[in-house]
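Trainee:
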Amino acid sequence: MDFAGIVTSVENWGVAEWMRSSLKAMPFVEATHVLTAAMVFGTILIVDLRLLGFPSTRRSFKLIEGEILKYTWAAFIVSVITGALMFAANATTYYGNTAFRLKMLALLAAGVNMAVFELITSRSVAGWDKDKPPPGAARFAGAASIVIWVAVIFLARWIGFTKGYNFDVPDNVELNFEFPAQ
Amino acid sequence: MLEFAEWLQTTPISVAIQSVEWIIPLLQSIHIVMIGVVFISILMVALRVLGHVRTDESFATVWARFAPWMWTGLVVMALTGLTLIVGEPIREFTALSFWLKMTLIAVAVVTTVAFGRSIRPATLVAAHGPEFSGGIKVATVVTLAIWITIIFLGRAIAYDTEVWGSLSLH
Numbered sequence: 001m002d003f004a005g006i007v008t009s010v011e012n013w014g015v016a017e018w019m020r021s022s023l024k025a026m027p028f029v030e031a032t033h034v035l036t037a038a039m040v041f042g043t044i045l046i047v048d049l050r051l052l053g054f055p056s057t058r059r060s061f062k063l064i065e066g067e068i069l070k071y072t073w074a075a076f077i078v079s080v081i082t083g084a085l086m087f088a089a090n091a092t093t094y095y096g097n098t099a100f101r102l103k104m105l106a107l108l109a110a111g112v113n114m115a116v117f118e119l120i121t122s123r124s125v126a127g128w129d130k131d132k133p134p135p136g137a138a139r140f141a142g143a144a145s146i147v148i149w150v151a152v153i154f155l156a157r158w159i160g161f162t163k164g165y166n167f168d169v170p171d172n173v174e175l176n177f178e179f180p181a182q
Numbered sequence: 183m184l185e186f187a188e189w190l191q192t193t194p195i196s197v198a199i200q201s202v203e204w205i206i207p208l209l210q211s212i213h214i215v216m217i218g219v220v221f222i223s224i225l226m227v228a229l230r231v232l233g234h235v236r237t238d239e240s241f242a243t244v245w246a247r248f249a250p251w252m253w254t255g256l257v258v259m260a261l262t263g264l265t266l267i268v269g270e271p272i273r274e275f276t277a278l279s280f281w282l283k284m285t286l287i288a289v290a291v292v293t294t295v296a297f298g299r300s301i302r303p304a305t306l307v308a309a310h311g312p313e314f315s316g317g318i319k320v321a322t323v324v325t326l327a328i329w330i331t332i333i334f335l336g337r338a339i340a341y342d343t344e345v346w347g348s349l350s351l352h
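Protein chains in written order, with the working numbering: chain X, 1 to 182; chain C, 183 to 352.
Below is the structure:
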């Protein structure tokens, strides 16, 4: 599959061009991404801490998970949309950026961790839902989730510092990088 | 102000923060992780006021559960934020977004402290907390909007000219 070709054509989409040329689109989209990503992390943190039995097991896990996950999913969907818009604007740059690739792998790991928990570990939830210490697999899922999502945030910030700039020097400008000694 | 920022940027501590490659990204990353902790703590309390979550618990219990995380998170954000300012003072002080953000933070913190103090006596009375009036619910939504605006302004610092045009201090 020609990923490089797909990435180049994404960068030529109309919405990608709009993101690049509109003065206010990028700051607004990015700020929305930060807000919703923080919401994803914060809501997941509540569930993960409960999986670790922290601060207490007094409240039902199913109740905590059930009432908060709709906010997590809503925030995640907006994060994906805003992330896709930012990606499209500079698709070839992000595609080749190591921090970006690692972030995508981390998101995949988060998804696998969640799937394993939902499909396997949570089958036994009736036995530890309330006032009982969660089993090892549940605690592992919670701890792994926290580590992975913190890594996602750190990697995301690192993208900003490593993606470089897209500009060409105009033909009639001579740039002299020989700075005089101070 | 700009002269102070220019002086600050040449101090040894500022130069140290600028010159070690990973310090600013690390501080910003911690700052963003804390946005998650602080904003969701505030959101959970707000959603309880609005009757959407944890209605099986008294308001006092929900406040006690999340307020410590909110205050601790805000302290960490103040420390990381202050270090970021010391590291790049000109960038911050010449951004209108930065000054608006600081003003709103002061407003939001005062509002949150006042809210915490005002509901405390009432919540000790009933097991499941008071029914919050329409006025308090509106104030809660406004407070959430202020915190969301603060988050947007934080990102806008890097785009101050694009966002504010001629109003930017650059």
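From the three backbone atoms N, C-alpha and C, an ideal C-beta is built for every residue, glycine too.
Within the continuous alpha helix (DSSP H) that includes Tyr154 of chain X, where are the two ends?
Mentor: Residue identity check: residue 154 of chain X is Phe in the sequence provided, not Tyr. Residues 136 to 162.
Trainee: Report yes if the C-beta distance between Val292 of chain C and Met252 of chain C is below 9 Å; otherwise report no.
Mentor: no
Trainee: For Thr92 of chain X, collect the residues of the same chain with a Cβ closer than 7 Å to its Cβ; drop the 5 residues on either side in sequence, then sort them by chain order.
Mentor: Val7, Thr8, Glu11
Trainee: Buried or exposed, going by whether 16 or more other CB atoms sit within 10 Å of the CB of Thr193 of chain C?
Mentor: exposed
Trainee: Check Ala288 of chain C in the structure and name its three-state DSSP category.
Mentor: helix
Trainee: Would you say Val307 of chain C lies against chain X (beta-carbon separation less than 9 Å)?
Mentor: Note on Val307 of chain C: pLDDT 46, under 50, position unreliable in the model; no value is reported.
Trainee: Are the C-beta atoms of Glu17 of chain X and some chain C residue less than 9 Å apart?
Mentor: no
Trainee: For the alpha helix (DSSP H) containing Gly14 of chain X, name the first residue and the last one.
Mentor: For Gly14 of chain X, the enclosing alpha helix (DSSP H) stretches over residues 14 to 21.
Trainee: From X:Thr98, X:Ala126, X:Leu105, X:Ile153, pick the residue whose C-alpha is nearest to that of Lys62 of chain X; which is it?
Mentor: The option with the nearest alpha carbon to Lys62 of chain X is X:Ala126.
Trainee: How should Ala37 of chain X be labelled, buried or exposed, when 16 other C-beta atoms within 10 angstroms of its C-beta is the threshold for buried?
Mentor: buried
Trainee: In whole angstroms, what is the alpha-carbon distance linking Val257 of chain C and Gly5 of chain X?
Mentor: 47 Å
Trainee: So, under 8 Å CB-CB, Gly53 of chain X and Pro134 of chain X are touching, yes? Tell me the CB distance rounded to an integer number of Å.
Mentor: 5 Å
Trainee: Using a 10 Å radius around the Cβ and a threshold of 16 neighbouring Cβ atoms, would you call Ala290 of chain C buried or exposed?
Mentor: buried
Trainee: By Cβ distance below 8 Å, which residues in the same chain neighbour Lys130 of chain X in space, the five residues on each side in sequence not counted?
Mentor: Cβ neighbours of Lys130 of chain X beyond the five flanking positions: Thr57, Arg58, Arg59, Ser60, Phe61.
Trainee: Among X:Ala151, X:Ala144, X:Tyr71, which has the Cα closest to the Cα of Val40 of chain X?
Mentor: X:Tyr71
Trainee: For Leu184 of chain C, which residues in the same chain have their Cβ closer than 6 Å to its Cβ, ignoring the five residues on either side in sequence?
Mentor: Excluding positions up to five away in sequence, the list is empty.
Trainee: Is there a Cβ from chain X that is less than 9 Å from the Cβ of Pro194 of chain C?
Mentor: no
Trainee: Check whether chain X comes within 9 Å of Met284 of chain C, counting only Cβ atoms and requiring the distance to be less than that.
Mentor: no
Trainee: Relative to chain C, which residues along the region 26 to 53 of chain X have a C-beta separation below 9 Å, given in chain order?
Mentor: So the close ones are Met26, Pro27, Phe28, Glu30, Ala31, Thr32, His33, Val34, Leu35, Ala37, Ala38, Met39, Val40, Phe41, Gly42, Thr43, Ile44, Leu45, Ile46.
Trainee: Just to make sure I have the definition right: I need the residues of chain X whose C-beta is within less than 8 Å of the C-beta of Ala338 of chain C. Which are they?
Mentor: Listed along chain X, the residues sitting closer than 8 Å to Ala338 of chain C by beta-carbon distance are Pro27, Ala31.
Trainee: Are the C-beta atoms of Leu23 of chain X and some chain C residue less than 9 Å apart?
Mentor: Contacts with chain C at 9 Å (Cβ-Cβ) include Leu23 of chain X.
Trainee: Helix, strand or coil, according to DSSP, for Val202 of chain C in the structure here?
Mentor: coil
Trainee: Does the CB of Arg247 of chain C have a neighbour CB from chain X at under 9 Å?
Mentor: yes
Trainee: Which residues, taken in chain order from the region 197 to 216 of chain C, show a beta carbon closer than 7 Å to some beta carbon of chain X?
Mentor: Pro207, Gln210, Ser211, Ile214, Val215
Trainee: Report all residues from its chain with a CB closer than 6 Å to the CB of Met226 of chain C; omit the five preceding and five following residues, and keep chain order.
Mentor: Phe248
Trainee: Whole-angstrom Cβ separation of Ile214 of chain C and Glu274 of chain C, contact assumed at under 8 Å?
Mentor: Not a contact, Cβ separation roughly 16 Å.
Trainee: To which residues of the same chain is Leu190 of chain C closer than 6 Å at the C-beta, ignoring the five residues directly before and after it?
Mentor: Ser196, Pro271
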